[in-house]
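Residue numbers (my numbering): -4 to 745.
Cβ coordinates follow ideal geometry from the N, Cα and C atoms, glycine included.
This structure is a prediction, so every number in the text was calculated from the model and none was measured.
Written below as structure tokens is the structure these notes are about.
Shown next, in the form of structure tokens:
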């Protein structure tokens, strides 16, 4: 726990910001009382099932619509021939997160699992059987599935609007002047969002108003987008999303199946529910695209970088663009007089990729951290020593102040806890009592600190409690709890006295739950709204001659324990209830917005930092790899709830294990089909795969990132872990693996 959580101002009632309290929604979830989208069953509801393509490229030449409609219980079949019009062209992107969507606008097939029809029926079984009866026929074209047959081109941008080429200095001159140049290629696979809750929607129309029960990470943006698609004002769209069973970025973006279900509900005048099957999530709802990366690192005689060149090819779809900004992972971290990050794109017959937990950083840091290890090996240096020599005091290329002290402390504390000083430099030097090869590796973790505009409302009530409202999202990260703690601290109340309403689009816009920025964004809005409410209370009290706070307007008041105290005389105070009762007011309401000051953002580099140390054990005969121990040390500003933060770090580190050793979507190069589109063969870690985990919370005060000093923690855990595990595998086996996930055959040596 950060030391500053022990100071008196953070111990108020033991439940305000800084305390490791349990999740507010935990009991609801473990007892099955949390209502997810597909748990809603309005009267008269119909069920929708999406019929999807089984080919990757071509066109649908026939559908047996008659057979499907004739099936008992089937109410309607939507196809390109009868789909009602939409007010927005689905082939036009809608900023800022708009993608082209497939909503039966034509008979073309662009990827496997693309929606080609939708069956609506009185029961789920009837809709499923009706979809099977469509028996589509196709005109098939050859699928483009990889580097050998995809269409390669120079993209105008990568990620969400980032430049495709960024750098400073002369890389070629730096490489030419280097004493050593390390050059290698790295490959990362396609990975698919496999949240426990699949994408779903229950749509109900009432005239030109629609209510959508759906998991959603960006309520206000989505209301505007749905309004545009259906030709209604954004305020006519109500999204209810109190619980999300995971999102990872995919539930901030509109997709074709959900739009079709909403369209069907309007067409039929009845509520319609759609829930994608697990297999159907491999296509229309985004994924992490494949990358092919090349790194060239130049170093001088002392092991200092002279140049860093990171080139990445990112896969995208044939009809839209989202390219993993993988090479940009090399921009903010290591000090080099010359750095160049550049991207190419590859069009494949697959669904469009999208943001997936640490988009760009996860794939790019996996390659970068292995390359840095290789460069350290070439210099004959310990990997930690090499990174300490080369970590950046200021952000490379900009000179903006950097949290270099925090990163140095992450290195030091993580190495100490792990026992790094006992690591032999040479690989294949350690074995355990069972004869397994043991390896230790490390990786640096870094992630930016975005801040999204947000709004909140805080109401202090006459009974001394408070209601705080913001339209945010809790997809498992603990936002309900952390935001309530921020509110309690600002309002001077116990957290149990604060009622938090969120997950509803009719509330003040809570911003986007993504980019590890939700707590900072919605939290600052709540903080500001709470301060506004306290200021209104203070105005009532200090202007009232009957109040012990009368005339304290100049010296100010302090909110604590449900009372306002004079700043210059703690003994003069009264409760919120007393102030409101005397004023004849049932409540006071504070409203506020929050956004990052662009001048501050331009002047300071804003990142969370960390270092991850990994131990693996490898069977020398079978090549089986087990990650046995992970220690991560992270500096992420002020910690609102250490329990939740550790949980997020653990989740990121476990995802790193998945990335490094297990997770991969396997595409059949002949058909373009994903051959492991389920949770039986698409491997992610189970309990037996999870190693010993330790997350160290490094204290950090950043006065510039936002007034709360809060940074994000949800994604940084991945960015150091993948490379740390790969480097540990090399240290155990002497085999340098440059493609992920690492396989048995990659490490078997004679």
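- No Cβ-Cβ contact shorter than 8 Å links residue 101 with residue 67.
- Cα atoms of residue 493 and residue 519: separation of roughly 16 Å, rounded to the nearest angstrom.
- Listed as beta-bridge partners of residue 134 by DSSP are 54.
- Excluding its 5 nearest sequence neighbours in each direction, residue 205 has C-beta neighbours in its own chain below 8 Å: 198, 199, 221, 225, 227, 231, 232, 233, 257, 260, 261, listed in chain order.
- In terms of Cβ geometry, residue 633 and residue 704 form a close pair [threshold 8 Å].
- Spatial neighbours of residue 371 in its own chain (CB-CB distance under 8 Å, excluding positions within 5 residues in sequence) are listed in chain order as 298, 377, 378, 380, 381, 382.
- Taking C-beta atoms under 8 Å as the contact rule, residue 208 and residue 128 fail to qualify, at a distance of about 29 Å.
- For residue 608, the three-state secondary structure derived from DSSP is strand.
- For the pair residue 442 and residue 603, the Cα-to-Cα distance works out to about 5 Å.
- Listed as beta-bridge partners of residue 158 by DSSP are 152.
- Uninterrupted beta strand (DSSP E) stretches at least 3 residues long and entirely within the stretch 624 to 694 occur at 687 to 692, given in chain order.
- Straight-line measurement puts the Cα of residue 35 at about 48 Å from the Cα of residue 305.
- The three-state reading of DSSP puts residue 521 in helix, counting H, G and I together.
- Residue 598 has its alpha-carbon roughly 34 Å from the corresponding atom of residue 296.
- About 4 Å separates the beta carbons of residue 449 and residue 516, which is inside the 8 Å limit, making them a contact pair.
- The C-beta of residue 211 has 16 or more other C-beta atoms within 10 Å across all chains shown, which makes the residue buried.
- Out of 275, 728, 655, the CA that lies nearest to the CA of residue 674 is found in 275.
- A distance below 8 Å separates the beta carbons of residue 716 and residue 609.
- Taking C-alpha positions only, residue 365 is separated from residue 357 by approximately 13 Å.
- Between residue 90 and residue 278, the alpha-carbon positions lie close to 21 Å from each other.
- A Cβ-Cβ contact shorter than 8 Å links residue 612 with residue 432.
- Note on residue 363: 16 or more other CB atoms within 10 angstroms of its CB, so buried under the neighbour-count rule.
- Excluding five sequence positions before and after residue 558, the CB atoms of its chain that fall closer than 6 Å to its own CB belong to 568, 570, given in chain order.
- Sixteen is the threshold: since fewer than 16 other Cβ atoms of the shown chains lie within 10 Å of the Cβ of residue 400, the residue is exposed.
- Secondary structure note for residue 24: its alpha helix (DSSP H) is the uninterrupted segment 21 to 25.
- Less than 8 Å divides the Cβ of residue 345 from the Cβ of residue 667.
- In the structure shown, residue 100 falls within a coil segment according to DSSP collapsed to helix, strand and coil.
- Your pair residue 12 and residue 472 does not check out as a contact, with CB atoms roughly 16 Å apart and the cut at 8 Å.
- Judged by DSSP secondary structure, residue 725 falls within the alpha helix (DSSP H) whose first and last residues are 711 to 728.
- Partner residues in the beta bridge of residue 177, as assigned by DSSP, are 292.
- Our two residues, residue 510 and residue 263, have alpha carbons roughly 38 Å apart in a direct line.
- Distances from the alpha-carbon of residue 167 to those of 136, 151, 563, 335 put 335 closest.
- Contact annotation, residue 423 with residue 161: C-beta distance approximately 39 Å; criterion of less than 8 Å not satisfied.
- Note: residue 516 is not bridge-paired with any residue in the DSSP secondary-structure output.
- In this structure, the beta-carbon distance from residue 686 to residue 430 does not fall below 8 Å.
- Straight-line measurement puts the Cα of residue 250 at about 30 Å from the Cα of residue 477.
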